[in-house]
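**Student:** Here it is, the structure, as structure tokens.
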Amino acid sequence: MGLKNLIAPQDKIFFELFEEQATTICKAADLLATIFADYTDLEEKYRHMKEIEHQGDAITHRAYDELNRTFITPFEPEEISRLVTSLDDVIDNIDDVAHMLLVYEVKKTDEYMIEFAKCLKQSGEEIKTGIEGLRTLKDTETIKGCSIELNRLENVADEILSRALSDLFKSTDPVEIIKLKDIYEHLEIATDKCEDISNVFSAILIRHT
Amino acid sequence: MGLKNLIAPQDKIFFELFEEQATTICKAADLLATIFADYTDLEEKYRHMKEIEHQGDAITHRAYDELNRTFITPFEPEEISRLVTSLDDVIDNIDDVAHMLLVYEVKKTDEYMIEFAKCLKQSGEEIKTGIEGLRTLKDTETIKGCSIELNRLENVADEILSRALSDLFKSTDPVEIIKLKDIYEHLEIATDKCEDISNVFSAILIRHT
Amino acid sequence: MGLKNLIAPQDKIFFELFEEQATTICKAADLLATIFADYTDLEEKYRHMKEIEHQGDAITHRAYDELNRTFITPFEPEEISRLVTSLDDVIDNIDDVAHMLLVYEVKKTDEYMIEFAKCLKQSGEEIKTGIEGLRTLKDTETIKGCSIELNRLENVADEILSRALSDLFKSTDPVEIIKLKDIYEHLEIATDKCEDISNVFSAILIRHT
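Residue numbers (this note's numbering), protein chains in the order written: chain A, 4 to 212; chain B, 4 to 212; chain C, 4 to 212.
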């Protein structure tokens, strides 16, 4: 296999993005080392970390966009398989949470669980609309909207998780912490899986419109 | 890339299954919201959740079967790669558990660990038989049997985990809970990885018989 | 689909390796059952488990090498996609750790965190060097060196995690254990993701040199 295939002109952009991303990793690792070594102004330093993480996300999205633009392929088995798996994962995680309530003998639900469930209900509706849209691909704006909304809802879940954990660690009951932490984290993972579905939506849209 | 490739006649079935699955997600999310909002009759509601989860599984299996039927391909690099990874993951998880016993300075083993280990030993034998069968593909019934048995053993492990955790949370020693929960969960993950292997067996069988 | 494609001569080696690996799984599961049933000489038995795990790793590496040798393909979309994902995962895990410091209101850092961060900084530099090397593929020895070094650093992180957890479980504060265990484990996962990158490096090197 010749090198030509490896560094074809269309691949150059990937190398530029990979190098940018490697630099971003170095920046993040540097900052983490700084945080650990000089453990002051944590909030300020974390704001900086978040900026670096957003830069990383932007590079990742550019790379995926390029990937979808460069390698034009039909609706592929891999894509179908990824959709099958993600849809199943969402259900499994929701089921896991319900199962934990029983196994952990959780005595009452709380505001955070209710917020997560609301977030998952909305995500379910967006998934339904997006999948229906994929069938005809006539109204790509709607699918794009679902994709954006699923991403937004995943961020909402992240934020619920932060608040839920902050609050949870005010408890002095470690067993309670173990149980609820597990439940909150699985609720958040369910929305991560919804975001996987949104990524498949985006990939299909980029290639077919 | 034209739309024809996207919604080719053979793809229609996937869209039907995806739509069914999106509806299943909505049902599961709805029920979770109901559980959180009206936290009564948990056992009854969980039975309903489990039914929804089984419906989801059935749709997932139908989708994979269709996928394997529609895209007929030889024994592929991806399949080999998936088998390599899953086999390695089983070993890694078993090793992790043994390592945890040391790091956590676990003083004694228990019935659940012994049950998990028995389950993993049986899974190991099924994997061995299945792989030997794949070589000639003469006795597909045997491979099918291994696949079914690996799935069954994964369900057995799920059930051991439920009992083990129920029992564990009767403990009042949170550190004990943290350690054993980690060990039990890794034992269960090891059987999940065995089930991944069984899924590769099924995929090969569907396409080659 | 004929059987010829399945058991082509070049596939034989995979079946031999898969059978060896299935046997390794059985050995590991047997030993785990023995450990649980006769809970004595744990250190000695764990040394044996580690040997089995190393045998498994060696088989896995041989299988991947064969896979890369047998199916010669150019720098593929899947490979690019895997690189994009792993690079992003490293950043996300570093960000998660920084976020946990805030959410868990961790009052001070420790030696282990500083060691992990040093390990991640070095990994970041190796990734940068490796990616730059991939662009021209002129100095394959350097890329090979990065790949080896990233593997080594992942082992270093494993070892830091063992020491950190051993030490942590001397604490009598379960909430402290929950928080720091989560942080240490995410630091270790970040280096696992660096190793994924090193695996992509190796795959490309085997095929292009």
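All C-beta atoms in this analysis are idealised placements derived from N, C-alpha and C, irrespective of residue type, glycine included.
Note that the structure is a prediction, hence the values are computed from the model and not measured.
Which term fits residue 91/B, buried or exposed, when burial requires 16 or more other beta carbons within 10 angstroms of its beta carbon?
**Tutor:** For the purposes of this step, residue 91/B is taken as the residue at position 88 of the second sequence. With 16 or more Cβ atoms within 10 Å of its Cβ, residue 91/B is classed as buried.
**Student:** Consider the Cβ of residue 53/A: report whether some Cβ of chain C lies at a distance smaller than 9 Å.
**Tutor:** Start at 1 with the first residue of the first sequence, and residue 53/A comes out as number 50. Closer than 9 Å to some Cβ of chain C, the Cβ of residue 53/A qualifies, so yes.
**Student:** Can you tell me whether DSSP reads residue 172/B as helix, strand or coil?
**Tutor:** Within the second sequence, the letter at position 169 stands for residue 172/B. Correct three-state label for residue 172/B: coil.
**Student:** Here's a check: name, in chain order, each residue in its chain whose Cβ is nearer than 7 Å to the Cβ of residue 24/C, leaving out the five neighbours to either side.
**Tutor:** As a position in the third sequence, residue 24/C is number 21, starting the count at 1. Counting only Cβ-Cβ distances below 7 Å, and skipping sequence neighbours, we find 59 and 62.
**Student:** Taking a Cβ distance cut-off of 7 Å, strictly less, list which residues of the segment 24 to 45 of chain A are near chain C, in chain order.
**Tutor:** Under the 7 Å Cβ criterion, the segment 24 to 45 of chain A contributes 24, 25, 26, 27, 28, 29, 31, 32, 33, 35, 36, 38, 39, 40, 42 and 45.
**Student:** Apart from the five residues on each side of it in sequence, which residues of its chain come closer than 8 Å, Cβ to Cβ, to residue 68/C?
**Tutor:** Walking along the third sequence from the start, residue 68/C turns up at place 65. Around residue 68/C: 209.
**Student:** Between residue 163/B and residue 149/B, is the Cβ-Cβ spacing less than 9 Å?
**Tutor:** Locating residue 163/B in the second sequence gives position 160, counting from the first residue. Locating residue 149/B in the second sequence gives position 146, counting from the first residue. It is not a contact, given that the beta carbons lie outside the stated cut-off.
**Student:** Determine the extent of the alpha helix (DSSP H) in which residue 141/A is found, giving its start and end residues.
**Tutor:** Residue 141/A sits at position 138 when you count from the first residue of the first sequence. Where residue 141/A is concerned, there is no enclosing alpha helix (DSSP H), given that its DSSP letter is neither H nor E.
**Student:** Report, in whole angstroms, the separation of the C-beta atoms of residue 107/A and residue 187/A, which I expect to be a contact under 8 Å.
**Tutor:** Position 104 of the first sequence, counting from 1, holds the residue named residue 107/A. Position 184 of the first sequence, counting from 1, holds the residue named residue 187/A. That belief does not hold up - the Cβ atoms of residue 107/A and residue 187/A are roughly 12 Å apart, past 8 Å.
**Student:** Considering only the beta carbon of each residue, do residue 120/C and residue 35/A sit closer than 9 Å?
**Tutor:** Translated into positions along the third sequence, residue 120/C becomes position 117. Translated into positions along the first sequence, residue 35/A becomes position 32. Taking 9 Å as the Cβ cut-off, residue 120/C and residue 35/A qualify as a contacting pair.
**Student:** If you compare alpha carbons, which of 191/B, 203/B and 99/B is closest to residue 147/B?
**Tutor:** Position 144 of the second sequence holds residue 147/B. Of 191/B, 203/B and 99/B, the residue nearest in Cα terms is 203/B.
**Student:** Can you round the beta-carbon distance between residue 38/A and residue 206/C to whole angstroms, since I take them to be within the 8 Å contact cut?
**Tutor:** Counted from its first residue, the first sequence places residue 38/A at position 35. Counted from its first residue, the third sequence places residue 206/C at position 203. Between residue 206/C and residue 38/A the Cβ distance is about 34 Å, and since that is not below 8 Å, they are no contact.
**Student:** Determine the DSSP secondary structure at residue 108/C, reduced to helix, strand or coil.
**Tutor:** Along the third sequence, one-based indexing puts residue 108/C at 105. Residue 108/C: coil per DSSP, three-state reduction.
**Student:** Measuring only between beta-carbons, confirm whether residue 101/C sits less than 9 Å from chain A.
**Tutor:** Here residue 101/C refers to the residue found at position 98 when the third sequence is read from its first residue. Yes - at least one Cβ of chain A is within 9 Å of the one on residue 101/C.
**Student:** Going straight from the alpha carbon of residue 167/A to that of residue 191/A, what length do you get?
**Tutor:** As a first step, residue 167/A is located in the first sequence; it is residue number 164 there, counting from the start. As a first step, residue 191/A is located in the first sequence; it is residue number 188 there, counting from the start. Going by the C-alpha atoms only, they are around 11 Å apart.
**Student:** Using Cβ-Cβ distances below 9 Å, what residues of the segment 158 to 191 of chain A are close to chain B?
**Tutor:** 176, 177, 178, 180, 181, 182, 185 and 190
**Student:** Buried or exposed: which applies to residue 96/B, given that a residue is buried once 16 or more other Cβ atoms fall within 10 Å of its Cβ?
**Tutor:** As a working mapping, residue 96/B is identified with position 93 in the second sequence. Counting the other Cβ atoms within 10 Å of the Cβ of residue 96/B gives 16 or more, which makes it buried.
**Student:** In chain A, which residues lie with their C-beta within 9 Å of the C-beta of residue 86/C?
**Tutor:** As a first step, residue 86/C must be located in the third sequence, where it is residue number 83. The contacting residues are 17, 21, 24 and 66.
**Student:** Compute the beta-carbon to beta-carbon distance between residue 109/B and residue 173/B, rounded to the nearest angstrom, for a pair I have assumed lies under 8 Å.
**Tutor:** Within the second sequence, residue 109/B is the residue found at index 106, counting from 1. Within the second sequence, residue 173/B is the residue found at index 170, counting from 1. At roughly 18 Å, the Cβ-Cβ gap does not stay under 8 Å, so residue 109/B and residue 173/B are not in contact.
**Student:** In whole angstroms, give me the CA-to-CA distance for residue 152/C and residue 40/A.
**Tutor:** As a position in the third sequence, residue 152/C is number 149, starting the count at 1. As a position in the first sequence, residue 40/A is number 37, starting the count at 1. Taking the Cα positions, residue 152/C is about 24 Å away from residue 40/A.
**Student:** Cβ of residue 146/B less than 9 Å from any chain C Cβ?
**Tutor:** In the second sequence, the residue the question calls residue 146/B occupies position 143. It does not: the Cβ of residue 146/B has no partner Cβ on chain C nearer than 9 Å.
**Student:** Would you mind telling me which residues of chain C sit closer than 9 Å to residue 91/B, beta carbon to beta carbon, in chain order?
**Tutor:** Position 88 of the second sequence holds residue 91/B. Under the 9 Å cutoff, chain C gives 24, 59, 60, 62, 63 and 66.
**Student:** With the cut-off set at 9 Å, would you say residue 3/C and residue 94/B are in Cβ contact?
**Tutor:** Nothing about residue 3/C can be read from this structure; chain C reaches only from 4 to 212.
**Student:** For a contact defined as C-beta to C-beta under 8 Å, what are the partners of residue 107/C on chain A?
**Tutor:** Position 104 of the third sequence, counted from the start, is the residue given in the question as residue 107/C. In chain order: 168 and 172.
**Student:** Answer with buried or exposed for residue 4/C, where buried requires no fewer than 16 other C-beta atoms within 10 angstroms of its C-beta.
**Tutor:** Counting from one through the third sequence, the residue named residue 4/C turns up at place 1. Reliability fails at residue 4/C, whose pLDDT of 27 lies under 50, so the model's placement of it is uncertain and the value that follows must be treated cautiously. Exposed, because fewer than 16 other Cβ atoms sit within 10 Å of the Cβ of residue 4/C.
**Student:** For residue 54/C, which of 178/B, 184/B, 98/B and 143/B has the nearest alpha-carbon?
**Tutor:** What you label residue 54/C is simply residue 51 of the third sequence in a count that begins at 1. If you compare the alpha carbons of 178/B, 184/B, 98/B and 143/B with that of residue 54/C, the shortest gap goes to 98/B.
**Student:** Hey, does residue 104/A have any beta-carbon neighbour from chain B nearer than 9 Å?
**Tutor:** For this step, residue 104/A is matched to residue 101 along the first sequence. Chain B contact via Cβ: present.
**Student:** Buried or exposed, going by whether 16 or more other CB atoms sit within 10 Å of the CB of residue 144/C?
**Tutor:** By 1-based counting over the third sequence, the position of residue 144/C is 141. Exposed.
**Student:** With H, G and I counted as helix, E and B as strand and the rest as coil, what does DSSP make of residue 77/B?
**Tutor:** Along the second sequence, read from residue 1 onward, the residue named residue 77/B stands at position 74. Confidence at residue 77/B is low in this model, with a pLDDT of 48, below 50, so the placement of that residue is unreliable and no value is reported for it.
**Student:** Any beta carbon of chain B sitting closer than 9 Å to that of residue 70/C?
**Tutor:** Numbered from 1 along the third sequence, position 67 holds the residue referred to as residue 70/C. For residue 70/C, the answer is yes, since a Cβ of chain B falls inside 9 Å of its Cβ.
**Student:** Go ahead and label residue 127/C buried or exposed: buried means 16 or more other beta carbons lie within 10 angstroms of its beta carbon, across all protein chains shown.
**Tutor:** The residue labelled residue 127/C in the question sits at position 124 within the third sequence. So residue 127/C ends up on the buried side.
**Student:** Cα separation between residue 138/C and residue 193/C?
**Tutor:** Along the third sequence, read from residue 1 onward, the residue named residue 138/C stands at position 135. Along the third sequence, read from residue 1 onward, the residue named residue 193/C stands at position 190. If you take the alpha carbons of residue 138/C and residue 193/C, they lie about 24 Å apart.
**Student:** Once you ignore the five residues that flank residue 30/C on each side, which residues in its own chain have a CB closer than 6 Å to its CB?
**Tutor:** Residue 30/C sits at position 27 when you count from the first residue of the third sequence. Excluding positions up to five away in sequence, the list reads 55.
**Student:** So, under 8 Å CB-CB, residue 84/C and residue 200/C are touching, yes? Tell me the CB distance rounded to an integer number of Å.
**Tutor:** Against the third sequence, residue 84/C aligns to sequence position 81. Against the third sequence, residue 200/C aligns to sequence position 197. With 8 Å as the limit, residue 84/C and residue 200/C do not qualify as a contact, their Cβ atoms being about 13 Å apart.
**Student:** Consider the Cβ of residue 49/C: report whether some Cβ of chain B lies at a distance smaller than 9 Å.
**Tutor:** Here residue 49/C corresponds to residue number 46 of the third sequence, with the count starting at 1. Closer than 9 Å: yes.
**Student:** Between the segment 122 to 134 of chain B and chain C, which residues of the former have CB atoms less than 7 Å from a CB of the latter, in chain order?
**Tutor:** 123, 124, 127, 128, 130, 131 and 134
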